[in-house]
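Undergrad: Sharing a structure here in structure tokens format.
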Amino acid sequence: MLNQDIISIDQFDRETLEGIFEVSLFLEKEIKGRGSLDLLKGKVMASLFFEPSTRTRFSFESAMEKLGGNLVSATGVNFSSMAKGETLEDTIKTIERYADVIVIRHPEMGSARIAADSSNIPVLNAGDGPGEHPTQALLDFYTIKKEMGKVEGLNIAMIGDLKHGRTIHSLLKLLSHYENINYYLVSPEELKIPSEYLKGIKSYKEIKTLVEVLPDADVLYMTRIQKERFASLKEYEKLKDCFVLNKKMLESAKKDMIIMHPLPRVSEIAVDVDEDPRAKYFGQVENGLYVRMALLALVLGKLKLKEKVVI
Amino acid sequence: MLNQDIISIDQFDRETLEGIFEVSLFLEKEIKGRGSLDLLKGKVMASLFFEPSTRTRFSFESAMEKLGGNLVSATGVNFSSMAKGETLEDTIKTIERYADVIVIRHPEMGSARIAADSSNIPVLNAGDGPGEHPTQALLDFYTIKKEMGKVEGLNIAMIGDLKHGRTIHSLLKLLSHYENINYYLVSPEELKIPSEYLKGIKSYKEIKTLVEVLPDADVLYMTRIQKERFASLKEYEKLKDCFVLNKKMLESAKKDMIIMHPLPRVSEIAVDVDEDPRAKYFGQVENGLYVRMALLALVLGKLKLKEKVVI
Amino acid sequence: MLNQDIISIDQFDRETLEGIFEVSLFLEKEIKGRGSLDLLKGKVMASLFFEPSTRTRFSFESAMEKLGGNLVSATGVNFSSMAKGETLEDTIKTIERYADVIVIRHPEMGSARIAADSSNIPVLNAGDGPGEHPTQALLDFYTIKKEMGKVEGLNIAMIGDLKHGRTIHSLLKLLSHYENINYYLVSPEELKIPSEYLKGIKSYKEIKTLVEVLPDADVLYMTRIQKERFASLKEYEKLKDCFVLNKKMLESAKKDMIIMHPLPRVSEIAVDVDEDPRAKYFGQVENGLYVRMALLALVLGKLKLKEKVVI
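Quick note, the sequences are listed as chains A, B and C, same order.
One gets this note's numbering by counting positions in the first sequence from 1 and adding 220 to each.
One gets this note's numbering by counting positions in the second sequence from 1 and adding 220 to each.
One gets this note's numbering by counting positions in the third sequence from 1 and adding 220 to each.
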């Protein structure tokens, strides 16, 4: 994957997906054993956050540093040269002279692609507004496969705002490389998943309440529902508890299922769930570190898919 | 002190205080000799400044880097995930997955404690609004003991706004572990020290003007007085010179006394004092570096109290 | 150059200029060969950007990191201690305790000099408003000498707003150490170069349009013209194309000439020029990295003029 850009989950076939999984798993073990590596010593990552996202920025930056690399980092809309009328293309053509890899977060859909096309060094999309956030999908995939030991044969329930939830859409797309997954889609009527995301999905049920899916789910992927998305406040008050998880409810769940959430959460998972060993959402955060390490090491040519050697 | 949080000066007994002193002194010598160390290589410090404080942030960050560590750093009220309604607890539970130690500055009292309780990695309080700023007190203590060679038996004068001055309150508390210190408290009537901070203090005098204490003081701890704190502008004009130090006044001071200030200063120390060898306030800044290095090395388990070995 | 400040181009004589050129060239080769060096390991650069300039900040920061050094970095007008009334002098006297070298960008002319005078560690001026930006001039010089193999005997055309263009003024000053250069100055009447910058320049022509100089130019130094600078919008519409370069126009230019621009550009160079091998403006950006590396290594005493050894 040397010099490859990471822009969209569409670029990953099943083989690449599993290759990235293996490298991530390998790096997780190495880091847990040694604390850090020197793989990317002397490399500089430019962290370009045109809109703030502290958690995503920290994840990429820490991944780079734990592999021995360095960073230059900027946050905020007012990139000074762009205020003077510079195009994104020129900004990227400038930044690439200072760095070995670029991580970009930008509010406009398609901007990461533009950046990648302007650059001779690899560009990693850290979210382009309503567009994609491919590393989130990869870490979700990594979490499921690592925790459950497999992907096929699972019952995966997705809960919340399935209409706007970008992480849900992306994960569905990644999982479409796998057969034999049963989906349970739990959302209010007005926040149902758009049919385009169900292409290629063979087995799914649309369900009204979280409680109904709990006994069957192997994976419970929770997401936020914003109050404003409901038809009316009355509707919201009536329905909201159908999409909220608490500790008591977990009694009916499988012993080895897992609970995921892209975070930040607001109130859709009660805090008393956090201590349950099935709660993996903070572990998911940490998995993001290993997946991003894997991508950085791969696109910078320090590791190869199916070939993992660290000195 | 492995994995310990540093939240409040109340957590230090005299033995710990002197242990930290020794480690700081040891690191000061090592750094002055070698420039930097590799003690914290591969470790990542998350620098979370919910309100800006460039000097404190730089001090912690440079301390980390001079010990070979790395950092991820964020400043500003708008931590993006919190804007979406995330609690401080969840923010910390996320950040701890990216880092080995957290330094937090937050405008709300008690927030550092909340962060520490939410975290499995050590949390260092870099100031929680009207709450505490324990590393400032530790560096003040370090400065006095290093410069004077002792703490007991000293005449310590504290000047300025003793009512609101947090550094004064904290230093008094730390010094309360020591006997036989004479305090001279110099402030306008309305900015006198609250009696609660004098608990356990045996010998002190409240004095009206700086000039009166100069001949006796071994330590002159100056602080800012804000104009707005006075009863009236007239009152301010009448009194302000009673709390301002200049070069000429130092003629009556002891030859081996020291002048301290937590900085920033406005006009309470004239610039012509800076060149006097007794002026230690910029040295105090540097001492903060060594004290923070000591704390980072201790809580990350790379050094132990009473046992200092660097490879 | 150990411990020297870099504040103004006036401080460089021809010998120093060529010494810096040689060290930059040496570091460019080293970095291209090895990726990074450990020359500045353990050193900390404080990056103080009182006004934002992402590209200049990244250039200095990446230069520091590629030489193995670390950084503490702050951007924005609201340096917290200065908001409390601290002077720039005190801010610098504090920061120097945390760092080994300071890079400062400040909107006020003269501020870099004040910082340098307050500091015991070297200070590098990264632009002080309408004042100077000496590293830009040095990298422009480096680009010309490296690309053309010489400076003397060249035809150098400067295009655009020659009245306000700081980079033009500085480059002219640097080049005044050299004989036998022919200048072609191309600007609208109201944006002509002020006569003070022509002192010591023997051969120059003032020309109305870019097209006229193209056949002769060895170096074409393009700059932005802001619409607002013209006498009227009508005037602007009439003249603007006289100062804009596109691919077609380059047919009349020499085969081995070079096109420079301090960037950011707006529309004065058409994007179709970028792929022409004579377009060196993004290479200029990269040259800035090597020149800043050279300066950092020199003022920190890790390299000497005329003596280049890296372990």
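Don't be surprised by glycine CBs; every beta carbon is placed ideally from N, CA and C.
Name, in chain order, the residues that DSSP records as bridge partners for Leu268/C.
TA: Answer is Ala294/C and Ile324/C, bridged to Leu268/C.
Undergrad: Residue range of the beta strand (DSSP E) that Ile364/C falls in?
TA: Per DSSP, Ile364/C belongs to no beta strand (DSSP E); it is in the alpha helix (DSSP H), Pro354 to Met368.
Undergrad: Can you name the start and end residues of the alpha helix (DSSP H) that Ala514/A belongs to?
TA: Note, Ala514/A: alpha helix (DSSP H), Tyr501 to Val519.
Undergrad: Quick one: is Met302/A near chain C, going by C-beta distance under 9 Å?
TA: Taking Cβ atoms only, chain C reaches closer than 9 Å to Met302/A, which makes this a yes.
Undergrad: Would Ala303/A be called buried (16 or more neighbouring beta carbons within 10 Å of its own) or exposed?
TA: So Ala303/A counts as exposed.
Undergrad: Note down, in chain order, all residues in the stretch 304 to 317 of chain B with a beta-carbon under 9 Å from any beta-carbon belonging to chain A.
TA: The stretch 304 to 317 of chain B vs chain A, Cβ under 9 Å: Lys304, Gly305, Glu306, Thr307, Glu309, Asp310, Thr311, Lys313, Thr314, Ile315, Glu316 and Arg317.
Undergrad: Distance, Cα to Cα, Gly385/C vs Tyr456/C?
TA: Cα to Cα, Gly385/C sits roughly 18 Å from Tyr456/C.
Undergrad: Just to confirm before moving on: does the CB-CB distance between Leu411/B and Asp360/B stay below 9 Å?
TA: No, the Cβ-Cβ distance between Leu411/B and Asp360/B is not below 9 Å.
Undergrad: Taking C-beta pairs closer than 7 Å, name the residues in chain B that Val264/C reaches, listed in chain order.
TA: Chain B residues near Val264/C: Ser282, Glu285 and Lys286.
Undergrad: Name the residue from Val264/C, Asn375/C and Ala294/C whose alpha carbon lies nearest to the alpha carbon of Ala283/C.
TA: Nearest of Val264/C, Asn375/C and Ala294/C to Ala283/C, Cα basis: Val264/C.
Undergrad: Is it buried or exposed for Lys313/B, if we count other Cβ within 10 angstroms and need 16 for buried?
TA: Burial call: buried.
Undergrad: What does Leu483/A touch in chain B if you count any residue whose Cβ is under 8 Å from its own?
TA: Ser301, Glu306, Asp310 and Thr314, listed in chain order.
Undergrad: Are any of the Cβ atoms in chain C nearer than 9 Å to that of Asn290/A?
TA: With 9 Å as the cut-off, Asn290/A counts as an interface residue toward chain C.
Undergrad: When you compare only the Cα positions, how much space is there between Asp496/A and Lys370/A?
TA: Answer to the nearest angstrom: the Cα atoms are 22 Å apart.
Undergrad: Nearest to Lys249/A by CA position, among Ala514/A, Lys474/A and Pro342/A, is which residue?
TA: Cα-wise, what sits closest to Lys249/A is Ala514/A.
Undergrad: Check Ala346/B in the structure and name its three-state DSSP category.
TA: Strand at Ala346/B.
Undergrad: Use the C-beta contact count for Gly521/A: other C-beta atoms within 10 angstroms, 16 or more gives buried, fewer gives exposed.
TA: Burial call: exposed.
Undergrad: What are the residues of the stretch 245 to 258 of chain A that lie near chain B, defined by any Cβ-Cβ distance shorter than 7 Å?
TA: The stretch 245 to 258 of chain A vs chain B, Cβ under 7 Å: Gly255 and Ser256.
Undergrad: How many angstroms separate the CA atom of Lys458/C from the CA atom of Ser407/C?
TA: The straight-line gap from Cα to Cα measures roughly 13 Å.
Undergrad: Comparing alpha-carbon positions, which option in Phe270/A, Met480/A and Asp320/A lies nearest Tyr362/A?
TA: Per the Cα distances, Met480/A.
Undergrad: Given a cut-off of 9 Å, decide if Glu309/A and Asp348/A are closer than it, judged by their beta-carbon atoms.
TA: For Asp348/A and Glu309/A, no; Cβs fall outside 9 Å.
Undergrad: Between the beta-carbon of Leu465/C and the beta-carbon of Met442/C, is there less than 9 Å?
TA: Cβ atoms of Leu465/C and Met442/C: closer than 9 Å.
Undergrad: Give the residues of chain C in contact with Ala336/A, contact being defined as C-beta atoms less than 9 Å apart.
TA: In chain order: nothing, as chain C lies at least about 17 Å away.
Undergrad: Taking DSSP as the reference, what is the three-state secondary structure of Ser423/A?
TA: Strand at Ser423/A.
Undergrad: Suppose you measure from the CA of Ala357/C to the CA of Asp494/C; what does that come to, to the nearest Å?
TA: Distance between the alpha carbons of Ala357/C and Asp494/C: 22 Å.
Undergrad: Provide the residue(s) that pair with Gly379/B in DSSP beta bridges, ordered along the chain.
TA: It should be pointed out that residue 379/B corresponds to Ile in this sequence rather than to Gly. Looking at the DSSP assignment, Ile379/B forms a beta bridge with Val406/B and Met442/B.
Undergrad: Measure the C-alpha to C-alpha separation of Gly380/A and Ile445/A and round it to an integer number of angstroms.
TA: C-alpha separation (whole angstroms): 6 Å.
Undergrad: Who are the Cβ neighbours of Leu344/C in its own chain at under 6 Å, not counting the five residues just before and after it?
TA: Closer than 6 Å at Cβ, skipping near neighbours: Ile226 and Val323.
Undergrad: In whole angstroms, what separates the C-alpha of Asp258/B from that of Leu260/A?
TA: If I take the Cα positions, the gap works out to 17 Å.
Undergrad: As a quick exercise: from Leu434/B, Leu483/B and Ile478/B, pick the residue whose alpha carbon is nearest that of Arg275/B.
TA: Taking only the C-alpha atoms, the option nearest Arg275/B is Leu483/B.
Undergrad: Residue range of the alpha helix (DSSP H) that Met469/A falls in?
TA: Run containing Met469/A: none; DSSP gives neither H nor E here.
Undergrad: Could you pull the start and end residues of the alpha helix (DSSP H) that Ile312/C belongs to?
TA: Looking at the DSSP string, the run of the alpha helix (DSSP H) that includes Ile312/C is Leu308 to Ile315.
Undergrad: Taking C-alpha atoms, which residue in His326/B, Gly239/B and Asn402/B lies nearest to Met221/B?
TA: Considering only alpha carbons, the answer is Gly239/B.
Undergrad: Give the interface partners of Phe232/A over in chain B, defined as CB-CB distance under 8 Å, in chain order.
TA: Those within 8 Å of Phe232/A in chain B number zero; the least Cβ separation is about 24 Å.
Undergrad: Mapping the DSSP letters down to three states, classify Glu488/A as helix, strand or coil.
TA: It is coil, neither helix nor strand.
Undergrad: Using a C-beta to C-beta distance shorter than 7 Å, which residues of chain C count as neighbours of Ala294/A?
TA: Those within 7 Å of Ala294/A in chain C are Thr274.
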